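Undergrad: For the sequence shown, the numbering used here begins at 27 and goes up steadily by one. Note that CB positions come from ideal geometry on N, CA and C, so glycine has one too. Since we're looking at a predicted model, the values are computed, not measured.
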Amino acid sequence: MSSQEQTAPPAVWRNLDGIAYGGDYNPEQWPASVRLEDLELMKEAGVNFLSVGIFSWGLLEPSEGEYDFAWLDEVLDNLAAAGIKVALATATASPPAWLVRKHPEILPVTADGTVLGPGSRRHYTPSSAVFRRYATGITSVLAERYKDHPALALWHVDNELGCHVSEFYGDEDAAAFRAWLERRYGSIDALNAAWGTAFWSQHYSSFEEIQPPRAAPSTLNPGQQLDFQRFSSWALMDYYLALLAVLREVTPGVPATTNLMVSSATKSMDYFDWSKDLDVIANDHYLVAADPERHIELAFSADLTRGVAGGDPWILMEHSTSAVNWQPRNQPKMPGEMLRNSLAHVARGADAVMFFQWRQSFAGSEKFHSAMVPHGGRETRVFQEVVGLGAALQKLAPVRGSRVESRVAIVFDYEAWWATELDSHPSQDVKYPELLRSFHRSLFLRGVSVDFVHPTASLEGYGLVLVCTLYNVADAVVANIASAARAGATVLVSYFSGIVDEQDHVRLGGYPGAFRELLGVRVEEFHPLLAGSTVKLSDGGVGSVWSEHVHVNGADAISTFTEYPLDGIPALTRRPVGAGSAWYLATFPDGDGIEALVDRLLTEAGISAVAEADHGVELTRRRAEGRSFVFAINHSRADATVRVAGADLLTGERYTGKVPAGGVAVIEED
Ligand code: GLA
Numbered sequence: 027m028s029s030q031e032q033t034a035p036p037a038v039w040r041n042l043d044g045i046a047y048g049g050d051y052n053p054e055q056w057p058a059s060v061r062l063e064d065l066e067l068m069k070e071a072g073v074n075f076l077s078v079g080i081f082s083w084g085l086l087e088p089s090e091g092e093y094d095f096a097w098l099d100e101v102l103d104n105l106a107a108a109g110i111k112v113a114l115a116t117a118t119a120s121p122p123a124w125l126v127r128k129h130p131e132i133l134p135v136t137a138d139g140t141v142l143g144p145g146s147r148r149h150y151t152p153s154s155a156v157f158r159r160y161a162t163g164i165t166s167v168l169a170e171r172y173k174d175h176p177a178l179a180l181w182h183v184d185n186e187l188g189c190h191v192s193e194f195y196g197d198e199d200a201a202a203f204r205a206w207l208e209r210r211y212g213s214i215d216a217l218n219a220a221w222g223t224a225f226w227s228q229h230y231s232s233f234e235e236i237q238p239p240r241a242a243p244s245t246l247n248p249g250q251q252l253d254f255q256r257f258s259s260w261a262l263m264d265y266y267l268a269l270l271a272v273l274r275e276v277t278p279g280v281p282a283t284t285n286l287m288v289s290s291a292t293k294s295m296d297y298f299d300w301s302k303d304l305d306v307i308a309n310d311h312y313l314v315a316a317d318p319e320r321h322i323e324l325a326f327s328a329d330l331t332r333g334v335a336g337g338d339p340w341i342l343m344e345h346s347t348s349a350v351n352w353q354p355r356n357q358p359k360m361p362g363e364m365l366r367n368s369l370a371h372v373a374r375g376a377d378a379v380m381f382f383q384w385r386q387s388f389a390g391s392e393k394f395h396s397a398m399v400p401h402g403g404r405e406t407r408v409f410q411e412v413v414g415l416g417a418a419l420q421k422l423a424p425v426r427g428s429r430v431e432s433r434v435a436i437v438f439d440y441e442a443w444w445a446t447e448l449d450s451h452p453s454q455d456v457k458y459p460e461l462l463r464s465f466h467r468s469l470f471l472r473g474v475s476v477d478f479v480h481p482t483a484s485l486e487g488y489g490l491v492l493v494c495t496l497y498n499v500a501d502a503v504v505a506n507i508a509s510a511a512r513a514g515a516t517v518l519v520s521y522f523s524g525i526v527d528e529q530d531h532v533r534l535g536g537y538p539g540a541f542r543e544l545l546g547v548r549v550e551e552f553h554p555l556l557a558g559s560t561v562k563l564s565d566g567g568v569g570s571v572w573s574e575h576v577h578v579n580g581a582d583a584i585s586t587f588t589e590y591p592l593d594g595i596p597a598l599t600r601r602p603v604g605a606g607s608a609w610y611l612a613t614f615p616d617g618d619g620i621e622a623l624v625d626r627l628l629t630e631a632g633i634s635a636v637a638e639a640d641h642g643v644e645l646t647r648r649r650a651e652g653r654s655f656v657f658a659i660n661h662s663r664a665d666a667t668v669r670v671a672g673a674d675l676l677t678g679e680r681y682t683g684k685v686p687a688g689g690v691a692v693i694e695e696d
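Here you go:
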């Protein structure tokens with residue numbers, strides 16, 4: 027549970043007051059006159075933090091061993107003089123042309139053997155020894171040159187590791203995979219047992235015989251697929267650690283991070299695992315313009331980012347001021363939407379608001395991506411909103427370092443995401459994030475905060491714990507969840523949870539093997555629903571995606587399926603456990619069904635909204651020692667009542683009780 031005490035701000039904030047504000051800065055794309063204007067406009071906007079040099083390797087080292095630092099020296103000196111701090115990048119995210127020409131073996135290879143060439147970005151495999159030698163080389167040169175620079179506040183390692191390509195299938199990757207497997211299993215017998223290779227004659231006599239799960243005639247061994255996913259996440263992190271080692275040696279006092287892509291769509295990296303090696307969590311988030319509920323997806327991603335950060339404040343390293351350029355149709359943000367988005371991230375734990383990018387490029391494939399300074403310059407709606415946001419963030423300085431308060435936990439596990447969605451399962455419609463998002467949405471609409479918690483982390487203090495399609499679980503996870511129920515939490519477990527162990531071996535004796543005892547149910551056979559079909563429930567609700575033949579064994583049936591062949595079979599059950607309870611959900615309820623279920627669960631757990639408010643207002647509370655801040659973000663087109671008493675930090679006056687249409691109030695409670 028989020029602790030209410032003020033924690034020391036991460037080291038990155040030491041030289042920065044309040045909420046940091048800025049974005050990616052790519053001055054190498056502009057002449058000196060524009061770079062001078064940048065400084066003026068940054069001052070006007072209140073910018074105090076920039077990421078610099080992310081894609082600059084080719085200009086910093088135009089040929090092997092020949093460096094040109096003149097432009098970067100000037101930029102950093104000017105920023106320092108203007109009081110702007112920098113997250114300096116390692117410049118490694120786009121290898122220079124001379125390196126690819128000399129060492130084409132650094133290029134990524136896909137599962138079908140395609141080599142991905144240069145001319146774009148991120149064209150390297152993290153397991154290439156040659157690439158690592160050159161990447162640590164430029165990192166070390168940069169670190170030595172700028173280690174004492176007054177602008178340097180944070181290292182920005184590479185950029186969005188795993189973006190575009192997150193799994194690599196070349197020969198060097200295969201060798202690294204084999205070495206990883208050998209460390210994991212110790213012996214080939216242990217690997218054969220884990221992968222169940224007695225099936226389909228997949229037995230291995232030595233690690234040398236093993237390949238990555240490259241293109242194959244039919245479905246691949248699930249153990250091999252799952253381990254390759256684990257390995258791929260690890261390989262990217264191991265590359266980060268190689269660069270980090272250089273930075274730590276040269277600049278032990280400077281914190282380092284890399285910008286993650288935490289969202290409801292990014293599956294390939296186990297960010298809970300990565301988080302232990304980042305000094306501060308940094309995230310990039312982009313809205314999907316076509317999603318009418320994009321602000322709810324934003325909340326999901328921001329809450330998950332806070333979960334990855336273990337509840338600590340984090341950096342929003344990138345989002346967009348308006349349109350992006352990489353969706354099929356790139357709509358601008360509506361007036362006021364950028365402010366709402368930005369403060370929604372702050373409401374959910376961000377202590378920095380940054381954008382891609384400072385100035386909109388005039389050339390290259392991102393020239394139609396919005397920026398803080400648009401093509402039209404300062405006399406534009408976007409720049410004026412950027413100035414307004416800068417002023418708003420300055421008023422939120424007291425919020426810095428405070429923590430979001432939540433009494434609901436949703437258990438979240440990247441390994442479960444990978445394993446749940448492996449092929450050859452009962453239904454391809456069981457998508458890991460979907461049920462979680464449905465619950466999160468319902469809680470969002472009620473103004474109830476949610477923490478995402480890794481299954482091995484403490485669940486102490488949470489009144490409601492939701493466990494959705496947690497297909498693969500270790501015994502320790504089962505014990506963790508059961509002890510939350512015994513200690514008094516209302517725990518709900520959904521279908522397709524606890525089916526297998528960490529090795530993807532079925533827990534025998536009836537599903538859900540891991541949770542049978544806790545839930546007091548036994549499932550005999552799955553009945554996944556056909557595409558688009560539904561099943562009626564005795565409480566008037568409707569289920570989709572899943573149904574199954576459940577027997578109660580100590581639990582009470584709260585509702586049942588009402589259709590052949592499961593007529594009368596439980597669809598929702600409850601079992602009292604210690605001071606709490608364990609519920610089992612055997613289908614995916616429709617919207618009304620989720621609402622009714624969430625009502626019951628919150629009532630039983632005694633959890634209510636952050637404040638009483640009209641519909642359409644997003645609510646969270648951040649607490650620091652002795653202080654409490656309510657964020658009220660009105661996504662509706664009508665003024666809304668929100669019952670909180672205190673001072674509005676944004677207006678500097680007593681909060682009136684109303685949040686204007688499309689507006690935001692940040693109320694320091696009395
Ligand atoms: C990512 C990258 C940026 C930029 C943006 C565009 O987040 O890190 O360099 O390409 O996407 O949305």
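#1: Under a Cβ-count criterion, where at least 16 other Cβ atoms within 10 Å of its own Cβ denotes burial, should ALA581 be classed as buried or exposed?
#2: What residues match up with GLY48 in a beta bridge as DSSP calls it?
#3: Should GLN251 go down as buried or exposed, given a rule of 16 or more other Cβ atoms within 10 Å for buried?
#4: So is THR162 buried or exposed if we call it buried at 16+ other beta carbons inside 10 Å?
#5: Please classify ASN309: is it buried, with 16 or more other beta-carbons within 10 angstroms of its beta-carbon, or exposed?
#6: Could you give the first and the last residue of the continuous beta strand (DSSP E) run that contains LYS7?
#7: Can you list, in chain order, the residues of its chain whose CB lies under 7 Å from that of THR482, leaving out five sequence neighbours each side?
#8: Can you list, in chain order, the residues of its chain whose CB lies under 6 Å from that of HIS480, leaving out five sequence neighbours each side?
#9: To the nearest angstrom, how far is it from the Cα of ASP565 to the Cα of HIS190?
#10: With VAL690 and LEU369 assumed to form a contact (beta carbons below 8 Å), what rounded beta-carbon distance in angstroms separates them?
#11: Quick one: is the Cβ of ASN185 within less than 6 Å of any heavy atom of the ligand GLA?
#12: Please report the residue range of the alpha helix (DSSP H) in which ASP253 lies.
#13: Whose C-beta lies closer than 6 Å to the C-beta of MET364 among residues of the same chain, with five residues either side of it excluded?
#14: Under a Cβ-count criterion, where at least 16 other Cβ atoms within 10 Å of its own Cβ denotes burial, should TYR590 be classed as buried or exposed?
#15: When DSSP labels each residue in this structure, what does PRO35 get in the three-state scheme?
#16: Across which residues does DSSP place TYR537 in a beta bridge pair?
#17: Contact check, ALA117 vs LEU168 under 8 Å by CB: the rounded distance?
#18: What residue from SER289, GLN255, TRP226 and ASP616 has the CA that sits closest to SER244's CA?
#19: Out of curiosity, what's the CA-to-CA distance linking VAL491 and ARG648?
#20: Report buried or exposed for MET360, applying the criterion of at least 16 other Cβ atoms within 10 angstroms of its Cβ.
#21: For the candidate residues ASP215, PRO238 and HIS175, whose alpha-carbon lies nearest to that of ALA200?
#22: Give the list of continuous beta strand (DSSP E) stretches no shorter than 3 residues that lie fully inside the segment 630-664.
#23: Just mark LEU556 as buried or exposed, buried being the case when its beta carbon has 16 or more other beta carbons within 10 Å.
#24: How far does the beta strand (DSSP E) with ASN185 in it extend, from its first residue to its last?
#25: Short of 7 Å in beta carbon distance, which residues of its chain neighbour GLU638, apart from the five on each side in sequence? Order them along the chain.
#26: Spatial neighbours of GLY188 within its chain, please: C-beta separation below 6 Å, excluding the five flanking residues on both sides.
#27: Between which residues of its own chain and VAL288 is the CB-CB distance below 7 Å, once the five residues before and five after are set aside?
#28: Does the separation of the CB atoms of SER290 and GLU323 fall below 7 Å?
#29: Would VAL272 be called buried (16 or more neighbouring beta carbons within 10 Å of its own) or exposed?
#30: Note down the Cα distance separating GLU695 from HIS466, rounded to an integer number of angstroms.
#31: Please determine if the segment 150-161 and the segment 104-111 are in contact, where contact requires at least 3 C-beta pairs separated by less than 8 Å.
#32: ALA657: beta carbon under 6 Å from a heavy atom of the ligand GLA?
#33: Is it buried or exposed for HIS229, if we count other Cβ within 10 angstroms and need 16 for buried?
#34: Could you work out which residue in ALA622, ASP593, LEU342 and ALA608 is closest to ARG542 when comparing CA atoms only?
#35: Closer than 6 Å: is that where the CB of PHE19 sits relative to any heavy atom of the ligand GLA?
#36: Whole angstroms is fine: what's the gap from ARG680's alpha carbon to PRO686's?
TA: On the basis of the data shown:
#1: The residue given as residue 581 occupies position 555 in the sequence shown. Flag for ALA581 reads buried.
#2: As a position in the sequence shown, residue 48 is number 22, starting the count at 1. PHE75 and MET380.
#3: As a working note, residue 251 is residue 225 in the sequence shown. GLN251 should be labelled buried.
#4: Translated into positions along the sequence shown, residue 162 becomes position 136. It counts as buried.
#5: Locating residue 309 in the sequence shown gives position 283, counting from the first residue. Per the 10 Å Cβ criterion, buried.
#6: Any property of residue 7 remains undetermined from this structure, which presents the chain solely from 27 to 696.
#7: In the sequence shown, the residue the question calls residue 482 occupies position 456. Once the five neighbours on either side are set aside, the close Cβ partners of THR482 are ALA502, VAL503 and ASN506.
#8: Numbered from its first residue, the sequence shown carries residue 480 at position 454. Answer for HIS480: PHE298, listed in chain order.
#9: Against the sequence shown, residue 565 aligns to sequence position 539. Against the sequence shown, residue 190 aligns to sequence position 164. When rounded, the distance between both Cα atoms is 45 Å.
#10: Within the sequence shown, the letter at position 664 stands for residue 690. Within the sequence shown, the letter at position 343 stands for residue 369. With 8 Å as the limit, VAL690 and LEU369 qualify as a contact, their Cβ atoms being about 5 Å apart.
#11: Numbered from its first residue, the sequence shown carries residue 185 at position 159. True, at least one ligand heavy atom lies under 6 Å from that Cβ.
#12: By one-based count along the sequence shown, residue 253 stands at place 227. 248-276 is the extent of the alpha helix (DSSP H) around ASP253.
#13: Numbered from its first residue, the sequence shown carries residue 364 at position 338. Hits under 6 Å: THR347 and GLU411.
#14: Counting from one through the sequence shown, the residue named residue 590 turns up at place 564. Per the 10 Å Cβ criterion, exposed.
#15: Numbered from 1 along the sequence shown, position 9 holds the residue referred to as residue 35. In this predicted model, PRO35 has a pLDDT of only 46, less than 50, meaning its place in the structure is not dependable enough to derive any value.
#16: Counted from its first residue, the sequence shown places residue 537 at position 511. Under DSSP, the beta-bridge partners assigned to TYR537 are VAL549.
#17: Within the sequence shown, the letter at position 91 stands for residue 117. Within the sequence shown, the letter at position 142 stands for residue 168. The beta-carbon separation of ALA117 and LEU168, rounded to 6 Å, stays under the 8 Å limit for a contact.
#18: Along the sequence shown, read from residue 1 onward, the residue named residue 244 stands at position 218. If we check each option's Cα against that of SER244, TRP226 comes out closest.
#19: Residue 491 sits at position 465 when you count from the first residue of the sequence shown. Residue 648 sits at position 622 when you count from the first residue of the sequence shown. Answer to the nearest angstrom: the Cα atoms are 21 Å apart.
#20: The residue you call residue 360 lines up with position 334 of the sequence shown. Taking all protein chains shown into account, MET360 has fewer than 16 neighbouring C-beta atoms within 10 Å of its C-beta and is therefore exposed.
#21: By one-based count along the sequence shown, residue 200 stands at place 174. Checked all of ASP215, PRO238 and HIS175; the closest Cα to ALA200 is PRO238.
#22: Runs of the beta strand (DSSP E) inside the segment 630-664: 643-650 and 653-660.
#23: Taking the sequence shown and counting its residues from 1, one reaches residue 556 at position 530. By the 16-neighbour rule on beta-carbons within 10 angstroms, LEU556 is exposed.
#24: Counting from one through the sequence shown, the residue named residue 185 turns up at place 159. First-last for ASN185: undefined, no H or E at that position.
#25: Along the sequence shown, one-based indexing puts residue 638 at 612. The beta carbon of GLU638 sits closer than 7 Å to the beta carbons of ARG669 from its chain, once the five residues preceding and following it are set aside; these are given in chain order.
#26: What you label residue 188 is simply residue 162 of the sequence shown in a count that begins at 1. Cβ neighbours of GLY188 beyond the five flanking positions: LEU262, SER294 and MET295.
#27: For the purposes of this step, residue 288 is identified with residue 262 of the sequence shown, where counting begins at 1. Contacts found: TYR297, ASN309, SER327, LEU330, THR331 and VAL334.
#28: Within the sequence shown, residue 290 is the residue found at index 264, counting from 1. Within the sequence shown, residue 323 is the residue found at index 297, counting from 1. Yes, Cβ-Cβ distance for SER290 and GLU323 is below 7 Å.
#29: Indexing the sequence shown from 1 puts residue 272 at position 246. By the C-beta density criterion, VAL272 is buried, having at least 16 other C-beta atoms within 10 angstroms.
#30: One-based indexing of the sequence shown puts residue 695 at position 669. One-based indexing of the sequence shown puts residue 466 at position 440. Their Cα atoms are separated by approximately 26 Å.
#31: With fewer than three CB-CB distances shorter than 8 Å, the segment 150-161 does not count as touching the segment 104-111.
#32: Within the sequence shown, numbered from 1, the residue matching residue 657 stands at position 631. The amino acid at residue 657 is misidentified as Ala; the sequence shows Phe. Answer for PHE657: no, Cβ out of range of the ligand GLA.
#33: Numbered from 1 along the sequence shown, position 203 holds the residue referred to as residue 229. HIS229 comes out exposed.
#34: As a position in the sequence shown, residue 542 is number 516, starting the count at 1. Closest by alpha carbon: ALA608.
#35: Here the chain has residues from 27 to 696 only, and residue 19 is not among them.
#36: Stepping through the sequence shown from its first residue, residue 680 is reached at position 654. Stepping through the sequence shown from its first residue, residue 686 is reached at position 660. Cα atoms of ARG680 and PRO686: separation of roughly 15 Å, rounded to the nearest angstrom.
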